[in-house]
Structure formats: structure tokens, C-alpha cells
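A short worksheet on the structure shown next.
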Amino acid sequence: MLRLPVHDHKGKVVSEIELNSEIFESKIVEPLVYQAVRLHLAKARSGNASTKTRKDVRGGGVKPWRQKGTGRARAGSIRSPLWRGGGVVFGPTPRDFSFKISKKARRLALKSALSAKAKDSQILVLKDFGLKEPKTKDAIEVLKAINIGKKTTVVLGSEDSVAKKSIRNIQKVKVVDIEQINVYDVLDNDVLVFTQDALSALSEVLA
């Protein structure tokens with residue numbers, strides 16, 4: 027069983043917590059992790075780049091000049107891709123880049139990502155931020171107390187709105203609600219910080 031120290035908002039170790047072995051010591055399935063990260067990035071793509079082909083360009087129904095006798099190259103329409111303002115050949119059109127993977131695969135990918143973090147000793151547990159009102163300055167002091175100086179993802183309980191508002195403007199720190207946790211957010215950092223409430227709720231999220 028993997029055990030981690032629990033820090034308070036002043037950085038002191040106040041207790042220990044036992045991590046769920048089914049979540050943090052599961053087999054790391056890299057292909058599933060890769061698929062989950064791809065899915066997250068694909069969903070983030072806007073896919074709204076749009077160009078007009080020659081059928082979409084307005085005008086050009088009349089031949090610009092007669093076929094012979096002018097000395098100029100023959101032309102059939104101003105919509106031609108050869109012309110300035112003409113249609114674009116094989117240009118981008120609006121599309122949806124997302125794809126689907128099963129719930130079971132998503133859960134396994136998330137367990138794999140969390141297990142990889144635990145294996146690399148990149149998980150910290152915080153009892154709570156001890157904040158009574160939203161204050162970025164106080165949240166920074168808490169992160170300094172637990173020696174966080176790198177790119178960090180903080181996972182909070184769903185009702186911890188005060189901490190969320192305090193953290194969201196800190197550079198290199200991303201805040202994630204436990205119910206919205208995904209593989210990309212777990213891996214895209216140097217340190218993953220869980221509050222004790224978030225860690226307790228994780229089993230329900232992955233149930």
C-alpha cells in the first residue's frame with residue numbers, strides 16, 4: 027500500500043493517508059493514456075477554418091474574354107484558383123476533430139496516469155488551503171509552504187469554491203475540479219496536488 031504525508035496550509039505534516047491501490051498502483055496502459063490525451067486535444071481544436079472553393083466564390087458565370095484573338099491566355103471564369111480572389115483548391119473546411127473512446131477505457135487511462143504520477147513521486151496531499159475568503163496572495167503562500175515552484179495542477183473538491191477562485195490566477199498553476207479531472211490535466215504538470223476532500227472523492231469519480 028502506498029502512503030503519503032498530508033500537509034496543512036502551513037506546510038507541516040499533520041497525518042498520513044493511504045492511497046487506493048486500485049487507482050494509484052494499477053497497471054500503466056500507455057496506449058490508452060495516449061488515446062485519452064489525443065481525445066482531449068482533439069476536442070480542444072476549434073475546427074472552424076473555412077475557405078471557399080470555386081463553386082462558393084461569387085461571380086464568374088461569364089467568360090472574362092473571348093477564347094481567341096486577344097493575345098491573352100484563355101480563361102473560362104474568374105472563380106479559377108489561378109486568379110486572385112478565386113476559389114481555393116483543397117482548402118480547409120469546418121470539421122469536428124473529436125472521436126470517442128469507451129467509459130471503461132477512459133477510467134483505465136485515468137488510473138494509468140495517476141499510477142504513473144504516484145510511481146514518479148509527483149503527488150502531494152494537502153489537508154486544505156485554510157482560506158476563508160478568495161485571496162490569491164494567501165494561496166501562493168500555501169503553495170510555497172509545501173515547496174511548489176514548478177508547473178502544478180491542483181485538484182479540489184467540488185465545493186471548494188474559495189480555493190478555486192484564489193488559485194485560478196496564479197501562473198503555472200492549473201486548478202481542476204475533482205469531477206472534471208482527466209488524463210491530460212493529470213499528466214500536464216510537474217506536481218499534482220490533491221486536497222484531502224478531492225482524494226476522498228476520487229474513488230466515486232472512478233467508480
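For the sequence shown, our numbering gives the first residue as 27, with consecutive numbering after it.
For glycine and all other residues, C-beta sits at the position ideal for the given N, C-alpha and C.
For V59, there is no enclosing beta strand (DSSP E); the residue is found in the alpha helix (DSSP H) stretching over E56 to A70. Taking every protein chain shown into account, the CB of K137 has 16 or more other CB atoms within 10 angstroms, so this residue is buried.
Looking only at G175, K78, Q222 and E167, the smallest Cα-Cα distance to L152 is reached by Q222. Per DSSP, K158 lies in no alpha helix (DSSP H) segment and is marked neither H nor E.
Rounded to whole angstroms, A144 and S52 show a C-alpha spacing of 10 Å. Note that the C-beta distance between S41 and V32 is below 8 Å. Under the 10 Å beta carbon count, N195 is surrounded by fewer than 16 other beta carbons and is classified as exposed.
Comparing alpha carbon positions, the residue from V217, A70 and R80 closest to T178 is V217.
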